[in-house]
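Some notes on the structure that comes next.
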Amino acid sequence: MPHDLPAPFIWTGPPLAEARSLPAAAYASEAVYAAEVEHIHRKTWFIAGRVDEWPHPGDYRAIDTVGGPVLVVRDAEGVLRAHANICRHRGAKLLGGQGNTRSISCPYHAWLYRLDGSLAGAPAMAGTPGFDKAHWGLLPVRLEIWGGFVFLNFSSDAPALLSDLGNLPPLLASHRLEEMVCVWRVEIEARCNWKLLVENASETYHTGTVHAVTVGAQKSVTLPVAGEWSGIQVLSTGSIAVMGDAPVLPQIEGLSAQARQGTFFVCLHPVTQLAVAQDCAWWLHMQPLAADRTRLTVGGCFPKSATERPDFAALAQPYYERWEKVAREDAGILEHVQAACGSPLFQPGPLSWRDDVVHAFGQWVLGRLAAAGVSVG
Ligand code: FES
Ligand SMILES: [Fe+2]
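Count the sequence shown with the working numbering and you get residues 145 to 521, in order.
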């Protein structure tokens, strides 16, 4: 697919030493948080998982989101769909957890929905004049798939996912993400604002201290961006998806020269992060729960060929340990930052040259809020 190559990332605002981190209200104010939910989170794409996590017709997963309960289900024709997980009668939540089902039955008055969301039956409603089943299917939620990742969006006006991804698909093409399978997930309750997690994932300035005994100090370069994302490449010709000298899986065949140089850490604005290494990929979803609380989900993916090796389970274990341990180290330090953001003693500080993507992301958030008439104190 032809693509206009973007100019390299060049920060055109004030020099970073004159720039400041965001004000405390951006992290601690419930009013700012509510504005972010309304003007950012309910209008942008966020990750719901991997397409291979719903392999069969009838497979479903109930997901709590900033826009309410959503049901992602593969219908009888094999189409992956997202519906509001809310009965059209009087609003009961329909399904919880995950599993496989032939239809969706409301636990309250037993209205019955097909997997495609259409209403199949409504007991005794034939006695209600003017009722037409055809009008009362489950409300659809936008769902798009790229690289095997499933994304949702509550806004009918939002651009298509591919438009937001800009120049990212060609950058990651040689990893063949669509051929990977997600084999592992963990959820971590992080007691911090969602932006602290995104910012933290956008710099390697902290890795030598926060991750001193796990992955250690790292070097990174900022990626040139066109689209609604930002990112860095952590430079290392060996995989950084394991700790120490644990054995690694083979490098993915056919990687581009750039992809062989290190791991891409990209944030698809605002709450999805992809980490794409030479042998695997892992994804993170920072689901906002409150100004000071975020649910961090981490998912681990490998090429299908790797998962079919007889020794895969043993080889994959160090990857899972690394992903969870490093994520918990990050969440741990960010709890301390969050505590400080709530203090009247907190003042925005000068940024490092290694915080360029942190600054760009903060400006992106402020820009989205400003466009909606919201300023952050
Ligand atoms: S709320 Fe679902 S059938 Fe009444
Ligand atoms: Fe980190």
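Beta carbons are placed, not taken as given, at the ideal position from N, Cα and C, and that holds for glycine.
Whole-number beta carbon distance between residue j and residue i, since they are thought to touch under 8 Å
i    : j    : result
Y349 : S496 : 6 Å
G193 : C326 : 7 Å
R218 : L282 : That pair is no contact at about 15 Å.
I248 : W427 : Contact doesn't hold; Cβ gap of about 27 Å is too wide.
T438 : L341 : 6 Å
Q395 : Q422 : 5 Å
W290 : P313 : 7 Å
L440 : A475 : 6 Å
T366 : D500 : 6 Å
H355 : E473 : 6 Å
G310 : E372 : 7 Å
Delimiting residues of the alpha helix (DSSP H) encompassing residue i
i    : result
I477 : F456 to C485
P313 : L312 to L316
G352 : T351 to V354
L305 : L305 to L309
Helix, strand or coil at residue i [DSSP, three-state]
i    : result
H147 : Annotation note: pLDDT 39 at H147 (below 50); position unreliable, no value reported.
E372 : coil
F295 : strand
P152 : A caution first: P152 carries a pLDDT of 43, below 50, which makes its placement in the model too unreliable to give a value.
E429 : Correcting the residue type first, residue 429 is His in the shown sequence and not Glu. H429: strand per DSSP, three-state reduction.
Y252 : coil
E162 : coil
F275 : coil
Q242 : strand
V501 : helix
W508 : helix
K187 : helix
M324 : strand
E180 : helix
V518 : coil
A334 : strand
E174 : helix
L399 : coil
V342 : helix
Q417 : strand
E288 : strand
H227 : strand
L513 : helix
V392 : coil
V195 : helix
A236 : coil
A168 : coil
A302 : coil
A434 : strand
Proximity winner among the options, relative to residue i (alpha-carbon distances)
i    : options                   : result
N244 : R205, A268 and G235       : R205
K277 : V285, P284, P267 and R286 : P267
E197 : M324, Y177 and A168       : M324
P284 : R225, C231 and F293       : R225
D308 : S374, Y177 and W328       : S374
L160 : A504, V509 and A515       : A504
S165 : K237, A514 and Q491       : Q491
T521 : Y171, E162 and A163       : The residue asked about is misnamed: residue 521 is Gly in this sequence, not Thr. Comparing Cα-Cα distances from G521 to each of Y171, E162 and A163, the minimum goes to Y171.
G382 : T407, P462, E174 and P251 : T407
P462 : V386, A475, C424 and T416 : V386
G241 : A514, G486 and V216       : V216
A345 : R498, F275, A458 and A270 : R498
G517 : T451, E182, S173 and G211 : E182
V195 : S173, E174 and G222       : G222
L259 : L239, G271 and D474       : L239
H200 : A220, H253 and H355       : A220
A370 : C411, L379 and E347       : C411
S380 : P368, Q405, V357 and L367 : Q405
Q377 : W255, E331, Q417 and P447 : Q417
S364 : E347, R286 and G352       : E347
P368 : F409, L306, H279 and G271 : F409
E331 : G443, E397 and G506       : G443
R286 : H279, V294 and G352       : V294
R246 : D203, G265 and H227       : D203
L263 : C485, E162, L510 and C250 : C250
G486 : E162, E174 and A163       : E174
S400 : R453, V420, V415 and G388 : V420
C445 : T272, C424 and L459       : C424
Continuous beta strand (DSSP E) stretch holding residue i: start and end
i    : result
A206 : D203 to T209
F446 : R437 to P447
S364 : S364 to T366
K412 : The residue asked about is misnamed: residue 412 is Leu in this sequence, not Lys. L412 -> beta strand (DSSP E) spans G406 to L412.
A259 : Checking the displayed sequence, the identity of residue 259 turns out to be Leu instead of Ala. Careful: L259 lies outside any beta strand (DSSP E) and carries neither H nor E.
P213 : G212 to R218
The region 294 to 309 in contact with the region 171 to 190 per 3-pair CB rule at 8 Å: yes
At least three beta-carbon pairs within less than 8 Å, the region 479 to 491 to the region 335 to 342: yes
Cβ contact check for the region 429 to 438 and the region 311 to 321: 3 or more pairs under 8 Å: no
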